[in-house]
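Colleague:
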Amino acid sequence: MSYQISSELDTASWAEEYQRDSRCRIYQFLTPAAATEMAQMITGNARFRQAHIAEGHNRELSKEEFSSLPPAERQQLVRNVYTMAARGVGFWYGRCGLDKQTPAPLDSLFAWLNSDQLLKTVRAVTGIPTLTSTSAQITSFAPGDFLTRHRDDVTSESRRVAFVINLSEQWHPDWGGLLQFFHDSGTTRESWSPEFNSLCLFDVKHVHSVTAIAPFAPRVRLAISGWFHDRNQT
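Residue 1 is where the sequence shown starts when you use full-length UniProt numbering, and the numbers rise one by one after that.
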């Protein structure tokens, strides 16, 4: 599969915006057909595991594993996640990893994310010519899912630029799932609704979160997120 970037993309204008604050949101990033194809392919093939923090470590559980836990253990797990989140540390959302071992047809996403076409465009927008590779995951935020405030600057992984490709059509901001940026003081700077076929790019030093999905949201918030790196990832 080939996912084409829109021929109408004004790289110079987006580069100018990125330079103002090391972040930008590019609307209609892919061709309409490519964005629809990507969303449909993910919906039909991605298998998500519930990502969370337990005992200070990143964990994942499949729906079957979570359902098989005794009720008291399930309730305690969720309580622990919420307790940590209330202290500002935590997340709870569906995750499907993408890497070199990802089977077809999702392997096409990992290949495209590391393609010359995409990397060249991101280098031009960010002004960082040393970006050489991409690591990524597919995320599915259902009602109640969230990602608390944090930075993405993990030095050992050579992350430089974080990204989100939003793939939920006709998303209403009242449903939550907003990419929210903060001042270092903790006050809110700006919130970006996950508009379909938008690419969000931002320096990994930006403090950000994904607001909780409202209980009345009629569908999940689907996206591809990850990082562009200075060196190749294995």
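Each residue gets a CB set at the ideal place from its N, CA and C atoms; glycine is no exception.
1) Count the other CB atoms, across all protein chains shown, that sit within 10 Å of the CB of residue 222; report buried if there are 16 or more and exposed otherwise.
2) Quick test of the definition: if touching needs 3 or more C-beta pairs under 8 Å, does the segment 208–216 touch the segment 171–184?
3) Check the C-beta distance from residue 202 over to residue 122 and give it rounded, since I have them as a contact under 8 Å.
4) Out of 42, 81 and 75, which one is the CA nearest neighbour of residue 58?
5) Determine the DSSP secondary structure at residue 216, reduced to helix, strand or coil.
6) What is the DSSP secondary structure of residue 177, reduced to helix, strand or coil?
7) Between which residues of its own chain and residue 12 is the CB-CB distance below 6 Å, once the five residues before and five after are set aside?
8) Where does the unbroken beta strand (DSSP E) through residue 62 begin, and where does it stop?
9) Residue 119 to residue 72, Cα distance in whole Å?
10) Would a C-beta distance cut-off of 8 Å place residue 24 and residue 164 closer than the cut-off?
11) Spatial neighbours of residue 132 within its chain, please: CB distance less than 8 Å, with the 5 preceding and 5 following residues excluded, ordered by chain position.
12) Verify the contact flag: residue 41, CB atom, against every heavy atom of the ligand COA, threshold strictly below 7 Å.
13) Buried or exposed: residue 83, going by 16 or more other Cβ atoms within 10 Å of its Cβ?
Modeller: Taking the geometry as given:
1) Counting C-beta atoms within 10 angstroms of its own C-beta, residue 222 has 16 or more neighbours from the protein chains shown and is therefore classed as buried.
2) Taking a cut-off of 8 Å on C-beta distances, the segment 208–216 touches the segment 171–184, as three or more cross pairs fall below it.
3) Between residue 122 and residue 202 the Cβ distance is about 12 Å, and since that is not below 8 Å, they are no contact.
4) Distances from the CA of residue 58 to each of 42, 81 and 75 were compared; the closest alpha carbon is that of 81.
5) Taken through DSSP and simplified to helix, strand or coil, residue 216 comes out as coil.
6) DSSP places residue 177 in coil when its eight states are reduced to three.
7) The beta carbon of residue 12 sits closer than 6 Å to none of the beta carbons in its chain outside the five residues before and after it.
8) If you look at residue 62, you'll find it in the beta strand (DSSP E) that goes 57–62.
9) The straight-line gap from Cα to Cα measures roughly 47 Å.
10) It is not a contact, given that the beta carbons lie outside the stated cut-off.
11) If you ignore the 5 residues before and after residue 132, its C-beta comes within less than 8 Å of the C-beta of 119, 229, 230, 231 and 232, all in its own chain and listed in chain order.
12) Ligands are entirely absent from the displayed structure, and the ligand COA is therefore not among its contents.
13) Burial call: exposed.
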